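A short write-up of the structure that comes next.
There are 2 protein chains.
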Amino acid sequence: MDRRQFTKLAFLSGGLLSLLNGCRSLASSAMEPLPANASPEARKQRAGELSDKAHQAFMQTGDDFKMHGNEQIVMLIYPGFAALDLVGPHYLFASMMGAKIYLISSANDLKPVKSGEGLEILPTHLQSQCPVAPDILFVPGGTDGTLQAMKNTVFIDFIKNRAAASKYVTSVCTGSLLLGKAGLLKGRKATSHWVTLELLPAFGAIPVKERVVWDGNLVTGGGVTAGIDFGLQMVAALRGRQYAEAIQLQAEYDPMPPFASGSIETAEPFVKDNLAAMFAPLIEKLRDVSP
Amino acid sequence: MDRRQFTKLAFLSGGLLSLLNGCRSLASSAMEPLPANASPEARKQRAGELSDKAHQAFMQTGDDFKMHGNEQIVMLIYPGFAALDLVGPHYLFASMMGAKIYLISSANDLKPVKSGEGLEILPTHLQSQCPVAPDILFVPGGTDGTLQAMKNTVFIDFIKNRAAASKYVTSVCTGSLLLGKAGLLKGRKATSHWVTLELLPAFGAIPVKERVVWDGNLVTGGGVTAGIDFGLQMVAALRGRQYAEAIQLQAEYDPMPPFASGSIETAEPFVKDNLAAMFAPLIEKLRDVSP
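If you're matching them up, the sequences are chains A and B in order.
Numbering follows the working numbering, with no gaps: position 75 of the first sequence is 94.
Numbering follows the working numbering, with no gaps: position 178 of the second sequence is 197.
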C-alpha cells in the first residue's frame, strides 16, 4: 500500500465516523458555560469535567479507534544513528496510551548511545528483555554509524531474529539498509534516503521513491523527517484514523518548510548535485558492505 | 519579521545566487564520466574528488553563505521536556559545520534528563560552562514538565541571565511560556502551541498564530513539529539561504502529512474540540503559575 492508497483508505474509513462524531461532539459541549467571574476552583472543576467527557467522546468514536492499547514497540539504536529518525516516530508512538516502547542498543547494554549529531540517549532495555513478537520493530538510519552497524553481524542477526515474528518491520531513512543487510527486503518494495535509494536493489528490494512505502508488514520511510509521516501512518494503522488525527493536531503537524528544497524533484540543481556529490564517498563505502 | 516576510526575503536573496551558481554547478560536473567497468578504487577516488569539488562549489556561493562557523548554541532541557521539540532543531543546528551545541540541564548536573515521552538524554555541559553570549539560546516545550519548570525560579533566572546577551532568544511549543516567565516576552510578538497561545498575553506578549514568529532577536515556533521549520529559518539566518536549502534536502524535508488535522483551522471540529478539552486541566494549572 503506497501513500496515496493509504490516504484514500484512511479518508474512506474516516467518513462514516465523522458523521457519527458530529453528534457526539455536541454531547460533550452541552454543558452550561461558566460565568466570566467563576472562581479558580470552579474553573478547575469544569476543566476536569470537560477532559473526562472528551476522553469518553474519543472512546466512542468507532470500531477501529482504540484509546488504550498494549502494543510492544521495539526501537533499535546504534552509535551514529540519526536522532531525528528515531525521535519523530518515538514522539508519535509514545502518544499511544498504554503502548510500551523498548529502546534497545546494538551494544546490548544500557550505556548511552551517541547519535551522529552528538546527542546521547539511554537505552531502556537489554536485548534479552526485548519482546519476541513486538507490534513494531523499528530501525533508524544514519550515515557513517549506519555503515558501521551494517558490519556488526551480531546486531544484524538480532534484527533478523526479532523481525521474524514482528507484526510490522519498519525503518526510516538509511535504516532500510540495515533491514536489507538482515535479508528482510528480498522481493519487496521499500524506500530509503534519496541518496541511498540506488543501493536497495543490491538487497533484492524494489526501490520506490515515496515518502512512506507499505509492502505487507514492511513499512519503510524516506529520509530523516519522513519519520513523522511514517509514524502517523503507523498510529493510524494501530489505533485508527481519528486517533492519528488527534496526535497530528497535538504535534501541530502543519508543516511549512521555508524552502522548496526538501525533495530532489524540487531542489535547485546546484544544491541537489553538490549535496549528492558530498555524499558520494559514503555511497561507495556503503556499496562495499552491500551484497 | 513573520514567516511570509522571511520567505520573501529568502527568495529574493536567493535569486542572484542561483544565477551565479548555475555556472559554478557546471564547473564541478565537468569531469569525464568513469567507464562502467571502473574499479572500486577508481570509483572511490572519483567519489572523493566529486565531494571536494562540491565542498568548494558551496564555499563560493556568495557573501551570506558560510560553510564553516563557530556559533555557540545553547539548548536547555528539563524533566518532562518534549524530545521532538528539541531534536528537530538540534538536527538542523548540528548540521552547521563548526557550530558547537551546549545541551544544558535545568538541574545543573550531567545526569540524564527524561523527556515527557520517556526518552533519557544526557546534558553535555554544566550551567557554569554555558557561554555568556551564545548565538542561540533555545528552550523546548512540554506539558506537565514545562509547568514544573515554570515554578523553578533558579532555572527561570538562568534563562533570563543567559538571554541578556544572546544573539537570538528562541523557543518551540510551550517553551515560550518559560521565556515569558523569565520576562522576555514583554511587548513582543510571540507564538506557542495552539493550546497555550491564549496564555501569552499574561506575560505581556502579543500572541501571533504563525508557524514561526520573528520579533527582533526573539524567534518562537509553534507546537512540537514547528521546530523543524523554526530550525531551518535559523540556519538560513546564520549560514545563508543556500546552506539551509542543502540541509533541508539532507533532511529530506518534503513533508506529506497523512491527514489535514495538523492545525486547528483544518482539523475536524470533533478532534479539535475534544483534544482541546483534554488539555483544559493543564491550561488551568499553567494559568496558576502565569502572572
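Yeah, the Cβ is synthetic: ideal placement off N, Cα and C, and Gly gets one too.
Computed from a prediction, not measured in an experiment: that's the story for all the values here.
7 Å is my cut-off, CB to CB: does G241/B come that close to chain A?
For this step, residue 241/B is matched to residue 222 along the second sequence. Yes, contact with chain A.
Going straight from the alpha carbon of A182/B to that of K119/B, what length do you get?
Position 163 of the second sequence, counting from 1, holds the residue named residue 182/B. Position 100 of the second sequence, counting from 1, holds the residue named residue 119/B. Rounded to whole angstroms, A182/B to K119/B spans 17 Å at the Cα level.
Helix, strand or coil for L31/B per DSSP?
Reading the second sequence from its first residue, position 12 is the one you call residue 31/B. Bear in mind that a pLDDT of 43 at L31/B, under 50, signals an unreliable position, so the number given afterwards is only what the model happens to contain. DSSP places L31/B in helix when its eight states are reduced to three.
Of all the residues that make up the segment 254-282 of chain A, which are near chain B by a beta-carbon distance shorter than 8 Å?
A255, R260, Q261, A263, E264, A265, Q267, L268, Q269, A270, E271, Y272, D273, P274, M275, P276, P277, F278, S280, G281 and S282
State the Cα-Cα distance for the pair S211/B and G241/B, rounded to the nearest angstrom.
Within the second sequence, residue 211/B is the residue found at index 192, counting from 1. Within the second sequence, residue 241/B is the residue found at index 222, counting from 1. S211/B and G241/B: Cα-Cα distance of roughly 5 Å.
V232/B versus chain A: which residues are under 9 Å apart at the beta carbon?
Along the second sequence, read from residue 1 onward, the residue named residue 232/B stands at position 213. Ordered by position in chain A, no residue passes the 9 Å Cβ test against V232/B, which lies about 12 Å from the chain.
Endpoints, beta strand (DSSP E) assigned at F157/A:
The sequence position of residue 157/A within the first sequence is 138, counting from 1. It spans I155 to V158 - the beta strand (DSSP E) in which F157/A sits, taken as one unbroken run.
On a CA-only basis, which of K228/A, L138/A, F177/A and E284/A is nearest L203/A? Give me that one, please.
Here residue 203/A corresponds to residue number 184 of the first sequence, with the count starting at 1. Taking only the C-alpha atoms, the option nearest L203/A is F177/A.
In chain order, which continuous runs of the alpha helix (DSSP H) of length 4 or greater are located wholly inside the segment 249-284 of chain B?
260-269
From L103/B, M94/B, C192/B and F100/B, pick the residue whose C-alpha is nearest to that of L145/B; which is it?
Numbered from 1 along the second sequence, position 126 holds the residue referred to as residue 145/B. Selected option, being the one with the closest Cα: M94/B.
Applying the criterion that 16 or more other CB atoms from any shown protein chain within 10 Å of the CB defines a buried residue, is H184/B buried or exposed?
Walking along the second sequence from the start, residue 184/B turns up at place 165. Inspection of the sequence shows that residue 184/B is occupied by Ala rather than by His. Looking at its Cβ environment, which holds fewer than 16 other Cβ atoms inside 10 Å, A184/B is exposed.
Cβ separation of F131/B and L141/B, assumed to be a contact under 8 Å, to the nearest whole Å
In the second sequence, residue 131/B corresponds to position 112, counting from 1. In the second sequence, residue 141/B corresponds to position 122, counting from 1. Contrary to the premise, residue 131/B reads as Pro rather than Phe in this sequence. Right, the Cβ-Cβ distance comes to about 5 Å (below 8 Å), so this counts as a contact.
Closer than 6 Å: E68/A CB and nearest the ligand ATP heavy atom
Ligands in the displayed structure: none, and consequently the ligand ATP is not present.
Take D234/B as the anchor and find which of T80/B, A113/B, A66/B and S195/B has the nearest alpha-carbon.
Along the second sequence, read from residue 1 onward, the residue named residue 234/B stands at position 215. Nearest option by C-alpha distance: S195/B.
If you count every other CB in all the chains shown that lies within 10 Å of the CB of N89/B, and 16 or more means buried, which is it?
Taking the second sequence and counting its residues from 1, the one referred to as residue 89/B is at position 70. Exposed, because fewer than 16 other Cβ atoms sit within 10 Å of the Cβ of N89/B.
Integer-rounded CB distance, given that E271/A should sit under 8 Å from V290/B
Along the second sequence, read from residue 1 onward, the residue named residue 290/B stands at position 271. Along the first sequence, read from residue 1 onward, the residue named residue 271/A stands at position 252. V290/B to E271/A, Cβ: 13 Å. No contact.
Thinking just about the alpha-carbon of each residue, which of R230/B, D71/B, T172/B and P108/B is nearest to the one in M297/A?
For the purposes of this step, residue 297/A is identified with residue 278 of the first sequence, where counting begins at 1. That would be D71/B, whose Cα lies nearest to the Cα of M297/A.
So, at 6 Å on beta carbons, what are the nonlocal neighbours of P300/B in its own chain, with the 5 sequence-adjacent residues on each side left out?
By one-based count along the second sequence, residue 300/B stands at place 281. No residues qualify anywhere along the chain.
So V197/A contacts chain B; which residues on that side make the cut at Cβ distance below 8 Å?
Position 178 of the first sequence, counted from the first residue, corresponds to residue 197/A. Sequence inspection shows Leu at residue 197/A; the Val mentioned does not correspond to that position. Within 8 Å Cβ-Cβ: nothing; L197/A doesn't reach chain B, min ~18 Å.
When the cut-off is 7 Å and only beta carbons count, does V188/B lie next to chain A?
Residue mapping note: residue 188/B aligns to position 169 of the second sequence, counting from 1. With 7 Å as the cut-off, V188/B does not count as an interface residue toward chain A.
If distances are taken between C-alpha atoms only, which option among S114/B, M116/B and P220/B comes closest to R306/B?
Along the second sequence, one-based indexing puts residue 306/B at 287. Of S114/B, M116/B and P220/B, the residue nearest in Cα terms is P220/B.
Is the beta carbon of A152/A sitting closer than 7 Å to the one on K179/A?
As a working note, residue 152/A is residue 133 in the first sequence. As a working note, residue 179/A is residue 160 in the first sequence. Contact flag unset, no.
Any chain B beta carbon closer than 7 Å to K63/A
Residue numbering aside, residue 63/A sits at position 44 when the first sequence is read from its first letter. It does: the Cβ of K63/A has a partner Cβ on chain B nearer than 7 Å.
Taking a cut of 7 Å between CB atoms, which residues from the segment 75-92 of chain B lie near chain A?
A76 and F77
Limits of the beta strand (DSSP E) - the one that G240/B falls within
Taking the first residue of the second sequence as 1, we reach residue 240/B at position 221. Note, G240/B: beta strand (DSSP E), L237 to G240.
Taking only beta carbons into account, state which residues of the segment 155-188 of chain A come closer than 7 Å to chain B, listed in chain order.
none
Grouping DSSP H, G and I as helix and E and B as strand, with all else coil, what is K208/B?
Along the second sequence, one-based indexing puts residue 208/B at 189. K208/B falls in the strand class under three-state DSSP.
Which whole-angstrom value describes the C-beta separation of A255/B and E136/A, a residue pair presumed to lie in contact below a C-beta threshold of 8 Å?
The count along the second sequence starts at 1 and reaches residue 255/B at position 236. The count along the first sequence starts at 1 and reaches residue 136/A at position 117. Incorrect: roughly 19 Å between the Cβ atoms, too far for contact.
Spatially closest choice to S147/B from S134/B, K170/B and S125/B, by CA coordinates:
Locating residue 147/B in the second sequence gives position 128, counting from the first residue. The residue with the shortest Cα to Cα distance from S147/B is S125/B.
Min CB distance S125/A to chain B below 7 Å
By one-based count along the first sequence, residue 125/A stands at place 106. Not an interface residue.
Close Cβ partners of L13/B (< 8 Å) along its chain, the five nearest in sequence each way excluded
The structure shown does not extend to residue 13/B, since chain B is modelled only from 20 to 310, so the question has no answer here.
R258/B versus S282/B, M78/B, E68/B and S309/B, residue with shortest Cα-Cα distance
Within the second sequence, numbered from 1, the residue matching residue 258/B stands at position 239. Of the candidates S282/B, M78/B, E68/B and S309/B, the one whose C-alpha sits nearest the C-alpha of R258/B is M78/B.
CB contact below 7 Å: N293/A versus chain B:
In the first sequence, the residue the question calls residue 293/A occupies position 274. So yes, N293/A belongs to the interface.
Let me see if you follow: with CB-CB separation under 7 Å, is V290/A close to chain B or not?
Your numbering for residue 290/A matches position 271 in the first sequence. Yes, because at least one Cβ of chain B sits closer than 7 Å to the Cβ of V290/A.
Measure the beta-carbon distance from F157/A to P108/A and round it to whole angstroms, keeping in mind my assumption that it falls under 8 Å.
On the first sequence, residue 157/A is found 138 positions in, with the first residue counted as 1. On the first sequence, residue 108/A is found 89 positions in, with the first residue counted as 1. The Cβ separation is near 6 Å, so the contact holds.
Under a three-way DSSP split, which group does Y187/A fall into?
By 1-based counting over the first sequence, the position of residue 187/A is 168. Three-state result, Y187/A: strand.
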